[in-house]
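Asks: Shown below is the structure under consideration.
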Amino acid sequence: MSVAFAVYEPGQSWLHRLDPRVKLLGVGLGMVAAILANSLWPLAVSLVTAHALILSAGVPVRRIGHLWRAIVPFLILILILWPVFDRAGTRVVLDFGWFRLTVEAINRGLVAACRLATISFLVAVWLRTTSEQQLIQSFVRLGLPYRWGVALAIGLRSIPLLAGVYTGVAEAQQARGLRLDGPVHHRLRAQIPILVATLVTVIRMAEQTARALDARGFGGPARPTTLHRLRFRPADWVALALLLGTAIVGAIAWFR
Numbered sequence: 075m076s077v078a079f080a081v082y083e084p085g086q087s088w089l090h091r092l093d094p095r096v097k098l099l100g101v102g103l104g105m106v107a108a109i110l111a112n113s114l115w116p117l118a119v120s121l122v123t124a125h126a127l128i129l130s131a132g133v134p135v136r137r138i139g140h141l142w143r144a145i146v147p148f149l150i151l152i153l154i155l156w157p158v159f160d161r162a163g164t165r166v167v168l169d170f171g172w173f174r175l176t177v178e179a180i181n182r183g184l185v186a187a188c189r190l191a192t193i194s195f196l197v198a199v200w201l202r203t204t205s206e207q208q209l210i211q212s213f214v215r216l217g218l219p220y221r222w223g224v225a226l227a228i229g230l231r232s233i234p235l236l237a238g239v240y241t242g243v244a245e246a247q248q249a250r251g252l253r254l255d256g257p258v259h260h261r262l263r264a265q266i267p268i269l270v271a272t273l274v275t276v277i278r279m280a281e282q283t284a285r286a287l288d289a290r291g292f293g294g295p296a297r298p299t300t301l302h303r304l305r306f307r308p309a310d311w312v313a314l315a316l317l318l319g320t321a322i323v324g325a326i327a328w329f330r
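75 is the number of the first residue of the sequence shown in my numbering; add one for each residue after it.
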């Protein structure tokens with residue numbers, strides 16, 4: 075996989091050393107909190123916290139920029155469409171027949187966009203600091219069958235791989251004279267050879283992955299073994315206690 079599109083960022087930071095099950099719990103609790111949050115400020119604080127965690131893990135700023143560039147189109151789409159289709163609210167900004175823009179709808183659009191960004195960066199904290207081996211082991215130790223754990227880990231790793239394949243094919247096609255500018259219908263038509271070549275490449279890579287797994291005895295009757303087993307260290311127990319304590323306090327504050 076191209077380094078530019080790799081998910082895991084090798085390192086020796088405290089997040090890299092933290093047990094992946096604790097990180098998975100933290101990401102899950104953070105996602106639940108982001109989904110339940112209805113105001114902008116808690117989400118903004120969570121987003122800043124996620125950035126601080128990624129930076130503390132030694133992830134380069136350019137990688138953070140890559141993620142922002144990937145989600146910005148979706149954020150813009152949410153900010154544009156949410157106020158258009160959400161007609162609820164009393165503080166009207168614009169009212170032209172079928173089009174009714176309210177302050178409440180704008181705020182809800184901002185909250186939805188910030189929620190998506192927060193969840194994206196929380197997941198990035200987990201994937202950027204957890205190797206594929208740790209992902210599989212954490213899923214298996216949590217009770218997931220080994221085959222499912224491998225399939226889920228491969229699926230998570232395939233997302234940036236697909237982006238890298240598409241980018242490489244697009245650059246190769248443009249080097250051969252393919253133009254991706256001009257009217258919208260021309261640009262859409264130009265995507266056809268890129269998508270076809272990407273699909274062929276992905277199918278070939280899937281076959282290679284299947285052969286590699288088969289050569290390593292994947293799916294055999296023997297129970298898979300690991301060189302380094304996951305074990306909780308004192309720091310993991312402390313992090314787990316802090317997460318559970320924060321979750322309990324947050325739940326009490328939410329239901330009061």
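Where is the CB? At the ideal position from N, CA and C, for every residue including glycine.
As the structure is a computational prediction, the values presented were derived from the model and not from experiment.
Would you kindly work out how many angstroms separate the C-alpha atoms of Leu-314 and Val-101, rounded to a whole number?
Replies: Those two C-alpha atoms are separated by around 12 Å.
Asks: Between His-260, Leu-216, Ile-128, Ile-268, which has its C-alpha nearest Ala-249's C-alpha?
Replies: Among His-260, Leu-216, Ile-128, Ile-268, the Cα nearest to that of Ala-249 belongs to Ile-268.
Asks: Would you kindly report the start and end of the unbroken alpha helix (DSSP H) that includes Val-81?
Replies: It is not in any alpha helix (DSSP H) - Val-81 carries neither H nor E in the DSSP assignment.
Asks: Starting from the Cα of Leu-317, find the closest Cα among His-90, Lys-97, Ala-286 and give me that residue.
Replies: Measuring from the Cα of Leu-317, the nearest candidate turns out to be Lys-97.
Asks: Note down, in chain order, each residue of its chain lying with its Cβ closer than 7 Å to the Cβ of Arg-231, except the 5 sequence neighbours on either side.
Replies: Within the same chain, Arg-231 has close Cβ partners Val-81, Glu-206.
Asks: Classify Ser-113: buried if its beta carbon has 16 or more other beta carbons within 10 angstroms, exposed otherwise.
Replies: With fewer than 16 other Cβ atoms within 10 Å, it is exposed.
Asks: Quick one: any contact between the segment 150-162 and the segment 83-92, if contact means 3 or more CB pairs under 8 Å?
Replies: Touching, no, given that fewer than three Cβ pairs across the two stretches are closer than 8 Å.
Asks: Please state whether the Cβ-Cβ distance between Pro-157 and Ile-180 is less than 7 Å.
Replies: Contact flag set, yes.
Asks: According to the neighbour-count rule (16 or more other Cβ atoms, all chains shown, within 10 Å of its Cβ), is Val-133 buried or exposed?
Replies: Classification of Val-133: buried, given that the 10 Å Cβ count is 16 or more.
Asks: With distances taken from CA atoms, which of Ala-284, Gly-242, Ile-322 is nearest Leu-103?
Replies: Among Ala-284, Gly-242, Ile-322, the Cα nearest to that of Leu-103 belongs to Ile-322.
Asks: By Cβ distance, which residues of its chain are closer than 7 Å to Ile-210, with the 5 residues on each side in sequence left out?
Replies: Here the set comprises Gly-223, Val-224, Ala-227.
Asks: Whether or not the segment 233-246 and the segment 214-222 are in contact is what I'm after, with contact meaning three or more pairs of Cβ atoms, one per stretch, closer than 8 Å; do they touch?
Replies: With the cut-off at 8 Å, the segment 214-222 and the segment 233-246 do not touch.
Asks: Taking a contact to mean a Cβ-Cβ separation below 7 Å, would you say Leu-56 touches Ala-187 in this structure?
Replies: Since the first residue of the chain shown is 75 and the last is 330, residue 56 is not available in this structure.
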